[in-house]
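Colleague:
Number of protein chains: 4
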Amino acid sequence: MTTQLRNLINGEWVEATTEKFTPVINPGTQEVLAECPDSTPDDVKRAVNAASTAYVEWRQTPVLSRTRYLMTFKNLLEEHFEKISKLVVKEAGKTIDEARGEVRRGIESVEFAFSVPSLMTGFKVEDISSGIDETAECQPLGVFAMLAPFNFPFLVPMWFLPVAIACGNTMVVKPSPTTPLTMDYVFKLWEEVELPEGVVNLVHGGVDAANALMEHPDVKGVSFVGSSTVGKIIYEKSTKHGKRVQIQGGAKNYLAVMSDANLATAVPNIMGSFYGCAGQRCLAGSVVLAVGDIYESLKKELLTAARKLKVGYGLDDASQMGAIATQKSKERILGMIKKGIDEGAELLLDGRNLVVDGYETGNFIGPSIFDKVTPDMTLAQEEIFGPVMSIIHVPDFETAVTTINASNYGNAASIFTQKGGYAREFKYRVNAGNIGVNVGVAAATASFPFGGKNDSFFGDLHGQGPDSVRFYTDYKVVIERWV
Amino acid sequence: MTTQLRNLINGEWVEATTEKFTPVINPGTQEVLAECPDSTPDDVKRAVNAASTAYVEWRQTPVLSRTRYLMTFKNLLEEHFEKISKLVVKEAGKTIDEARGEVRRGIESVEFAFSVPSLMTGFKVEDISSGIDETAECQPLGVFAMLAPFNFPFLVPMWFLPVAIACGNTMVVKPSPTTPLTMDYVFKLWEEVELPEGVVNLVHGGVDAANALMEHPDVKGVSFVGSSTVGKIIYEKSTKHGKRVQIQGGAKNYLAVMSDANLATAVPNIMGSFYGCAGQRCLAGSVVLAVGDIYESLKKELLTAARKLKVGYGLDDASQMGAIATQKSKERILGMIKKGIDEGAELLLDGRNLVVDGYETGNFIGPSIFDKVTPDMTLAQEEIFGPVMSIIHVPDFETAVTTINASNYGNAASIFTQKGGYAREFKYRVNAGNIGVNVGVAAATASFPFGGKNDSFFGDLHGQGPDSVRFYTDYKVVIERWV
Amino acid sequence: MTTQLRNLINGEWVEATTEKFTPVINPGTQEVLAECPDSTPDDVKRAVNAASTAYVEWRQTPVLSRTRYLMTFKNLLEEHFEKISKLVVKEAGKTIDEARGEVRRGIESVEFAFSVPSLMTGFKVEDISSGIDETAECQPLGVFAMLAPFNFPFLVPMWFLPVAIACGNTMVVKPSPTTPLTMDYVFKLWEEVELPEGVVNLVHGGVDAANALMEHPDVKGVSFVGSSTVGKIIYEKSTKHGKRVQIQGGAKNYLAVMSDANLATAVPNIMGSFYGCAGQRCLAGSVVLAVGDIYESLKKELLTAARKLKVGYGLDDASQMGAIATQKSKERILGMIKKGIDEGAELLLDGRNLVVDGYETGNFIGPSIFDKVTPDMTLAQEEIFGPVMSIIHVPDFETAVTTINASNYGNAASIFTQKGGYAREFKYRVNAGNIGVNVGVAAATASFPFGGKNDSFFGDLHGQGPDSVRFYTDYKVVIERWV
Amino acid sequence: MTTQLRNLINGEWVEATTEKFTPVINPGTQEVLAECPDSTPDDVKRAVNAASTAYVEWRQTPVLSRTRYLMTFKNLLEEHFEKISKLVVKEAGKTIDEARGEVRRGIESVEFAFSVPSLMTGFKVEDISSGIDETAECQPLGVFAMLAPFNFPFLVPMWFLPVAIACGNTMVVKPSPTTPLTMDYVFKLWEEVELPEGVVNLVHGGVDAANALMEHPDVKGVSFVGSSTVGKIIYEKSTKHGKRVQIQGGAKNYLAVMSDANLATAVPNIMGSFYGCAGQRCLAGSVVLAVGDIYESLKKELLTAARKLKVGYGLDDASQMGAIATQKSKERILGMIKKGIDEGAELLLDGRNLVVDGYETGNFIGPSIFDKVTPDMTLAQEEIFGPVMSIIHVPDFETAVTTINASNYGNAASIFTQKGGYAREFKYRVNAGNIGVNVGVAAATASFPFGGKNDSFFGDLHGQGPDSVRFYTDYKVVIERWV
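Chains as they are written, first to last, in this note's numbering: chain A, 1 to 483; chain B, 1001 to 1483; chain C, 2001 to 2483; chain D, 3001 to 3483.
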């Protein structure tokens, strides 16, 4: 019998009060890795209450002590680096190198939280009027909730949790029921850290658990990463319950390749952008804008490079691209490909029938490339979240910018060029939260805010960087006179 | 016939496309000062479109030039200081000195925006990985909406508008239909500033106009100040339309007076807190917590002081307290007083039957004081927004803090004491956004964030200070490699 | 008889206690404009004492009030804009447009000081250990001295004085005895501002006055702008007396023109850099590095453009380049040209014998260009501070960078290119404080720190921007426990 | 034969090129622990050159990688915590608990450097004029020197070294020849860290080595902690060679005890301040100001508490106060005590003849207390740096402040009171860099700047906190136009 995951509430591993479980499946092998419980509102209540109680003392724990727990945590993560990476491969399907990359990035987010003692500072002005001083105290708020997506089971919670607790808050994390194992493992490490009970809590589950978190009066704020559709609902629902919210949604990222681009470096970069994590990330490239006369040579080189990509099981070192996270996702992507063909795009490279030797049941799709895509096609407008590249040929820089800015999303966009002038205009004018210049995956590092534009982000304060400290703290203004 | 106000859209004064008008009434005299149009969604659309168009060039105008317009604006405000102050008296009912205070504070907010060139800065790290640089560009967003309350017709819009446009955004302001004249006058000054057309727009109106602003896709964010009830609706509705929002709601402010307090300075301070603006401000004191054995002497001194307060028409220099802004407000306050009596509180000082000579029709209520109030009474829980003081006798500091923290609101709270220890615990533990220590009206100055806790504030970034710059800008992360 | 300038000490214009005076001469006409006193150590003592006394109350004046004086000051500067500009022309010799540019920039520095209420903030962390709070109070220091150079009689003092006093300090300014009239005029405006007496003081003089300022125990810090030779002495001497110091010294600025540069925009830019203010500014170009095969065409275009420049009296609107500030400077520049010829450089354009009609006695030198300059020549190493361009032909980018970095100075350097890659490496590797990319005069705006490298700057905190606020304030750390 | 210490230069342990050695003596036992070489200018040159060479690549190493070396270093420090602590006891004479405290504080400084990726950021404004962007790049400078004092052989270098290298600089540390063993040990840990060679270098020595560091053209800046007398010389000398400098000098710290102070908590706090580290630290209390009528009871309690203090060998767990670091220091302190008696102060408690059983040769002095000290006595003016308390009786708060502010020093000052009003005035008006409120040792934590006033500090940027990042970096302004 497969393991049934439990929740970590107030320092204890407890069973969810539910009969409903979702199987956690290795997308490369279809092996059932565990059963993830669909925790009930009651489970959530217990977790929030624990966090609420823990908050009282945790807030009073000096910030240097709070971050020191995180240093111990980081050391444990380094020690368990390979184990965590392998878990990510198993439940999310990506390659081991991609998983290692994810874990490294996640650790960087833990490291960022070491700077909270320097960032979580109030400010003060003496004599705002004669003999009266004014201080903006920077204080934590209480309990926060984090709702994680399936594609980065380690990284995404690390964007939020370390900063949240370093700031003196307590937290309840709800991983995706598709990929809950990584966080499950990580929370076991928290036990070794000997963090006070209730400071971090893990609740497995789906919509019911999410709703219960949004509705609980003690939850002060919600951080969500996932699709724009769900994100919108959560944005509205959380605010209805008076909470602060930050929502990172979906994406449709354009990469513009200017005619002066250095293809030798651009092409491998573009490959990484489109096919890294099999396209299942919010920073993945989705459309190539071939600008002007680079179109033919670029197309040729992309095709050649994509054909060479070795798709395989993530734990096989030779694999360069892994599996699609779920059967359902795979079907959605296949549907999108079909739609592309139906709408008249030309499928230059067809990854639909790819079979991986020894992993015939795996959810694999090979790198796919559409040519002759136009801006009005579904391929150019909707998020695919799979290894599908669409090429649009545009005449000039101006059209490239206009095409990008017509998107409903605005997560990332890149330009490949040697000209400083194009780069400047691109970063100035393109309405996307993350801009790459000769960089295909414009991933903000941990000390920089990470967010998008349009439907790719709802709220104001982004995850990561100083924004995250501001999100997890509040200013209380004190006016003092002593006569 | 009274003047019908017009909207300022794209630099032109235009009539609203409506037949519905609200009379603007001087609450001290019942004189109808003007007719305020109930602008339609079409009017709003026109204003937002104008702002949207103006944004393109305004954003590219250097920030030093943008703030220089505000310096001219400030000079005009200084020149028209008395006229604006008098308008505030006429439409809002407060005394001329209170109005002058409001205008002075509002000008300070304009002055704060002069620092936007120093505050609106992106940040950069070289070599985030070898040869790759990362920048968080700090950029404006587009069109913003400001929904203002009736009680500070000049000050509240100034918290938002100057920073919004200094940051490169454009704006639509909708004043309260109860007190629209001040903004109407102020926007005439914008014409003298020769600000590019469409950068600031004025739309008069009520719920329909507000809704249209929240629904327009070009509006990037909404700032609202008003009651918590309306604020909640706006928070939910604006987020439903994907916008960033900040909501400053109602209040129920407690002032704790410790037994070691210096009554000679505390009492006048408390008077100002409760009866300034006739209690119609979100920082007004509402409940006095008399701690321990200071109760009797404090009560006596408060009563003596309150009795001496001269209520009168705002433009009469001798008046120390002015009118209630609307007849409807007056009725609500009278209802609250009645409820207080009904629930068993003792009305020590009854301001209900006060008549001001020469202004017999004015909406006046005299300073009122309830004794023997208990935390469960309506008087202790609901916002009154009028000149009514409730005294609760509590045994000790601990009870004082607990009582305050039981409130649904959390805008402001003050303590009067000589002990540093009480002050520290008070500001550390009391869950209110603004804390006064020997200060009855804990008003954050313009360079400090202004917000509350619980139902007194929804959102994360406050108005004023660095928060306001963050609210009116977005970070766009750029990752650059040049090979 | 010509006017003898007086000192402004403690709000009163008083005569210096000296018999020594320097004539202030209009370099375009040789007219004696005034006599500048060589103030004695006693005069300085009186000024510092006045500043010291004024400090006590000035420090306690709320920062908002302090900056409001500066707003009034700014309005007066705008009003007197043309008068000040003309004074600058008369005593410094530059053209009226250059003078207007200087005054505009100076006013921007005043405007920057409006942001001091937002920038002069202490910071605070609660619970650094249990129940103990820590605050870094940001406080002013006392009296500061500013020693100004002759070439920007208005602008340079404005880099320092407004921020110094906005931060709560008081100041003594000593202008250059060569160009003291502008500050003399400006300090008359301070009287209209009704700034409290003693907050700003003006002492005219030379070395003796400078020494007395450095030696006075009440002077907390010294800001100096001038030559590196004098700067070094002042750096050492001021520190000997325990003061904080910031020294902006001389320059030898290189402009590298890559072969892909757009000459149509680059050449006018280069002209402005070399011949603006007749080369008498620390950001003036001094050497053109013609990189690769652009050498011939660049040389030709520079020569053509330089020949067209109209040299003349500054108040003559047609003049594009003005006079050399002093006869002595002119001789020094002529000596440098002679040395250039002696060392084997080729003088393509010889400005030595230029005579301006109607201003035959003026200190004029026409635009001069040396070709075939090598890095070891005096022309390439020493500051000329005059309208002399040296062209060095270098084979490639790498040599350009190496050549620049071999200089003892490091004030500014520019590159002209279309390639983002060159720009990135240039700004990353070139050891100069101010880098221009397709910009010939890389002048930091008022909210950015302004300083150089090597012998171009001594100290750590630069003038302007947040650095200047840090220079004029000190952090005092407070650790509080209340038990 | 005792070990001769070697220098760590460019990753190798090399012998100094000298015949001169200083014995390193355990002040508790007189045991010679090692021989410290008096490194020559040649040794220094080699170290600086190594650092200079290492800088080229180190600067280009991403800041996240640089801080990660420090994380490894921190882990090693934790591992060797006890060993380092014992070394500190052996060479510096303090008690093991004090040593542990020192090591803990030093590790906190390493931890502070983890926040450098967030703090070492340039800033940027787009469109400073149309189409032109301006960036202040934040870059490292090159080689820095750190000159350490004898009293905190671990802690003081940790204030500087971690931040310096995290910012991308390289460093040469010169420990005190009196206590060089701790750093010697710590630098062995650097080897385990596998930091690139030459990034950190250790040179043992005295005045010659210090001079050579100040004179080397590649050294960009000098950080010094020690006496004011030496500090002044170093300030002047380093600036003469054009370097940036920060000097933390001596101290004469006053503790004012108000009549409302809580003696139960104040007295143990005062004991710690005066007798911790046997008074050999710049934050040690030196004079008690007994304000008003608390004088008699305070004196009595201090005397009682001081008498109970157990002086002994540092490694003996029972010891509460350790040895004087050197025989020379002991003699100086004894001289000061004699002078105190000669000048008429009353020696209430005489620690001069104290002998510690089993450690009869140790440099011990017992806690000493002078009463009836007056502000004009040497006891009240000169730094003693030993376990000697002087009590001055002052009538009121005002006199207390005046007395403190008359000192030539200004490192720290404390007040003991329950009144918020006294605390506010004290921190506002007392001219000391570190203020304690009911805290006897006002030690700034690692994220706060640490510096003094008057002769206690020379320079502007303090050690620790954001100041230290600013000291170890420079702003380079880039103005970019792309046309």
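The beta-carbon is built from N, C-alpha and C at its ideal position, and this holds for glycine as well. Note that this is a predicted model, so its numbers are computed, not measured.
Taking 8 angstroms as the CB-CB cut-off, is A1442(B) touching chain A?
Modeller: Interface residue, yes.
Colleague: By DSSP, does G1285(B) sit in helix, in strand, or in coil?
Modeller: In the structure shown, G1285(B) sits in a strand (DSSP, three-state: E or B).
Colleague: Count the other CB atoms within 10 Å of the CB of N1353(B); is the residue buried (16 or more) or exposed (fewer)?
Modeller: N1353(B) is exposed by the Cβ-count criterion.
Colleague: Taking D474(A) as part of the beta strand (DSSP E), name the residues at either end of that continuous run.
Modeller: Unbroken beta strand (DSSP E) run through D474(A): D474 to R481.
Colleague: Which residue marks the beginning of the alpha helix (DSSP H) containing S2507(C), and which one marks its end?
Modeller: The displayed coordinates of chain C run from 2001 to 2483. Any statement about residue 2507(C) would go beyond what the structure contains.
Colleague: At 7 angstroms on the CB atoms, spell out the chain C contacts of S130(A), in chain order.
Modeller: Near S130(A) (Cβ distances below 7 angstroms), the residues of chain C are Q2060 and P2062.
Colleague: Quick check: Q1060(B) and D1474(B), are their CB atoms within less than 8 angstroms of each other?
Modeller: Cβ distance not < 8 angstroms, so Q1060(B) and D1474(B) don't count as in contact.
Colleague: Less than 8 angstroms between the beta carbons of L1119(B) and V1193(B), yes or no?
Modeller: Going by C-beta atoms, L1119(B) is not nearer than 8 angstroms to V1193(B).
Colleague: Less than 8 angstroms separating the beta-carbons of G1028(B) and G1351(B)?
Modeller: Not in contact: G1028(B) and G1351(B) (Cβ atoms no closer than 8 angstroms).
Colleague: N434(A) and V1430(B) look like a contact to me (Cβ under 8 angstroms); what is the Cβ gap, rounded to whole Å?
Modeller: In fact, because the Cβ distance is near 40 angstroms, the residues do not count as touching under 8 angstroms.
Colleague: Under 8 angstroms between C-beta atoms, does G2465(C) make it to chain A?
Modeller: Not an interface residue.
Colleague: List, from N- to C-terminal side, the beta strand (DSSP E) runs of 3 residues or more that fit wholly inside the stretch 3380 to 3465 of chain D.
Modeller: Within the stretch 3380 to 3465 of chain D, the complete beta strand (DSSP E) runs of at least 3 residues are 3388 to 3394, 3412 to 3416 and 3434 to 3437.
Colleague: Would a check of beta-carbon distances place T3135(D) closer than 8 angstroms to chain B?
Modeller: With 8 angstroms as the cut-off, T3135(D) counts as an interface residue toward chain B.
Colleague: If the cut-off is 8 angstroms on Cβ atoms, which residues from the stretch 3063 to 3077 of chain D count as contacting chain A, listed in chain order?
Modeller: Residues L3064, T3067, R3068, M3071, K3074 and N3075.
Colleague: Starting from the beta carbon of R429(A), find every residue of chain D whose beta carbon is closer than 8 angstroms, and list them in chain order.
Modeller: Near R429(A) there are no residues of chain D at all, since even the closest Cβ is about 11 angstroms away, more than 8 angstroms.
Colleague: Among the candidates I1247(B), P1196(B) and S1259(B), whose CA atom is the shortest distance from the CA of K1419(B)?
Modeller: The residue with the shortest Cα to Cα distance from K1419(B) is S1259(B).
Colleague: Can you list, in chain order, the residues of its chain with a C-beta nearer than 6 angstroms to that of D3184(D)? Leave out the 5 residues immediately preceding and following it.
Modeller: Hits under 6 angstroms: L3005.
Colleague: Measuring alpha carbon to alpha carbon, tell me which residue in I3234(D), K3232(D) and T3239(D) is nearest I2234(C).
Modeller: For I2234(C), the nearest C-alpha among the options comes from T3239(D).
Colleague: Would you tell me roughly how many angstroms separate the C-alpha atoms of R3100(D) and E197(A), rounded to the nearest one?
Modeller: Their backbone Cα atoms lie some 28 angstroms apart in a straight line.
Colleague: Among all the DSSP beta bridges, which residues are the ones paired with T3170(D)?
Modeller: According to DSSP, T3170(D) bridges with V3143(D).
Colleague: Which chain C residues are close to E994(B), counting only those with a beta carbon under 7 angstroms from its beta carbon?
Modeller: Chain B is shown from 1001 up to 1483; residue 994(B) falls before or after that span and cannot be answered.
Colleague: Measure the Cβ-Cβ separation of I2128(C) and E2134(C) and say whether it is below 8 angstroms.
Modeller: Yes, Cβ-Cβ distance for I2128(C) and E2134(C) is below 8 angstroms.
Colleague: Just to confirm my understanding: we take G2011(C), look at its own chain, exclude 5 residues before and 5 after, and list those with CB closer than 6 angstroms. What are they?
Modeller: Here the set comprises E2197.
Colleague: If I'm right that F2114(C) touches E1078(B) with Cβ under 8 angstroms, what's the distance once you round it to whole angstroms?
Modeller: About 14 angstroms separates the two Cβ atoms, so there is no contact after all.
Colleague: Go through its chain and collect everything with a Cβ distance to C1167(B)'s Cβ below 7 angstroms, but skip five positions before and after it.
Modeller: V1116, M1120, P1140, V1469, Y1472 and T1473, listed in sequence order.
Colleague: What residue range is occupied by the uninterrupted beta strand (DSSP E) comprising G3351(D)?
Modeller: Unbroken run through G3351(D): none, as it is neither H nor E.
Colleague: How about the stretch 12 to 27 of chain A and the stretch 51 to 66 of chain A: do they share at least three Cβ pairs that are nearer than 8 angstroms?
Modeller: Contact fails: fewer than three Cβ-Cβ distances are below 8 angstroms.
Colleague: Just the Cα atoms here: how many angstroms apart are K2124(C) and M2158(C)?
Modeller: Those two C-alpha atoms are separated by around 31 angstroms.
Colleague: Mind pulling the alpha helix (DSSP H) runs of 4 or more residues that sit fully within the stretch 1077 to 1126 of chain B?
Modeller: Taking only runs of at least 4 residues, the alpha helix (DSSP H) segments lying wholly in the stretch 1077 to 1126 of chain B are 1081 to 1092, 1096 to 1113 and 1116 to 1119.
Colleague: Flag L2144(C) as yes if its beta-carbon sits less than 8 angstroms from any beta-carbon of chain D, otherwise no.
Modeller: Here the sequence assigns Phe to residue 2144(C), which means Leu is not the residue at that position. False, the Cβ-Cβ gap to chain D never drops below 8 angstroms.
Colleague: Can you find a heavy atom of the ligand FMN that lies under 7 angstroms from the Cβ of V3477(D)?
Modeller: The ligand FMN is not among the ligands present in this structure, which contains no ligands whatsoever.
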